[in-house]
Amino acid sequence: MSVALQSCTPSIAHLRTIAAPAADYRVMPFGVEAIDSRLGAGGLRAGALHEATARSASMVDDAATTLFLASIAGREAAATGGQVLWVSCRTDLYAPALEQVGLLSANVIYAQPRDDAALLAVIEDAVRDGTPAAIVAEASKVTMVATRRLQLAAAEADIPVLLLRRGRRANPDVFGEPSAAWTRWRIGVAPSERLHVAGVGRARWSVECARQRGGEGFSLIMEGSDETGRLAGPAELGRGAAETVGPVRFAAA
């Protein structure tokens, strides 16, 4: 008696499913294929700590980094109907600029602690309270222990904590320090598109993911966030394609 045998070799699609299981956490997509396709589960983990720093000490790079985080927080506030807590020891936020990248001033609660130690305490209390849709904070010195506490608290509350890390004279490259952040980003300005008439085109940013858990870093040139908080690929590259600007220079643990 003959018995028909079927191949037990799994298909390529099946192997991909096994290798890349669905994420067991909520995801905040950028809505841009060039970025989401490079991030695990197609976007940022919502309940996590994400860090960003300016590519250089220039004010324009610092501003681009601030707007990059503001646009992420603005999208989350719009999606959840909640408010964003912005924690900073400085008083230099410019509300009209935040609104241009999708973070309305009516959706921002501002807190000004006296120093970085108090700032971290405010963040942790706010996360555990669970009221904000997202938290944006600006700090210079943050220990590995502090980032672990923030990451655990953010994961438990399912609230994104977006930390803007500013360099110090003693250590301008803050990403040389270890962190428990889910992702780490370097943001800077790039030349805008040349127009056929006199004027300034839409802002462009160098968006570099220096580190992500479970994935590789990458670097892209993107058009800056619009009033909906979304980035876009440079128009001249066609239909939202993003321009790769080279390998990642650092990938601190």
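All residue numbers for the sequence shown refer to this note's numbering, where the first residue is 215 and numbers rise by one.
Glycine included, every Cβ here is placed at the ideal spot set by N, Cα and C.
Note that the coordinates shown come from a computational prediction; the quantities given were computed from them, not determined experimentally.
- Note that the C-beta distance between TRP399 and VAL421 is below 8 Å.
- ARG379 has its alpha-carbon roughly 5 Å from the corresponding atom of THR267.
- Residue nearest to GLY402 within the set ALA277, VAL241, VAL246 is ALA277 (criterion: CA-CA distance).
- Secondary structure of ALA331 (DSSP, three-state): helix.
- If you look at SER433, you'll find it isn't in any alpha helix (DSSP H); it sits in the beta strand (DSSP E) that goes 432–437.
- Looking at the backbone, the Cα of ALA311 and that of GLY257 are separated by about 24 Å.
- Rounded to the nearest whole angstrom, the CA to CA distance from ARG362 to VAL322 is 26 Å.
- Only residues of its own chain outside the window of five on either side were considered, and among them PHE432 have a CB closer than 6 Å to the CB of ARG252, listed in chain order.
- Scanning ARG444, ALA394, GLU437, MET436 for the CA closest to the CA of HIS264 turns up ALA394.
- When the Cα atoms are used, ALA309 and VAL301 turn out to be separated by approximately 14 Å.
- Leaving aside the five residues that flank LEU299 on each side, the residues in its chain whose CB is nearer than 6 Å to its CB run, in chain order, ILE323, ALA340, PRO346, ILE349.
- Restricting attention to ALA417, GLU430, PRO392, the CA atom closest to the CA of GLY254 is found in GLU430.
- Under the criterion of beta carbons closer than 8 Å, GLY316 and GLY438 do not qualify as touching, at roughly 11 Å.
- With fewer than 16 other Cβ atoms inside 10 Å of its own Cβ, GLY344 counts as exposed.
- Rounded to the nearest angstrom, the gap between the Cα atoms of ASP250 and ARG328 is 37 Å.
- In the DSSP assignment, GLU422 falls outside any alpha helix (DSSP H) and lies within the beta strand (DSSP E) extending over 418–426.
- Judged by their CB atoms, LEU377 and VAL246 are not nearer to each other than the 8 Å cut-off.
- Take GLN326, set aside five residues on each side of it, and no residue of its chain has a beta-carbon closer than 6 Å to its own.
- Assignment of GLY447 by DSSP, reduced to helix, strand and coil, places it in the coil class.
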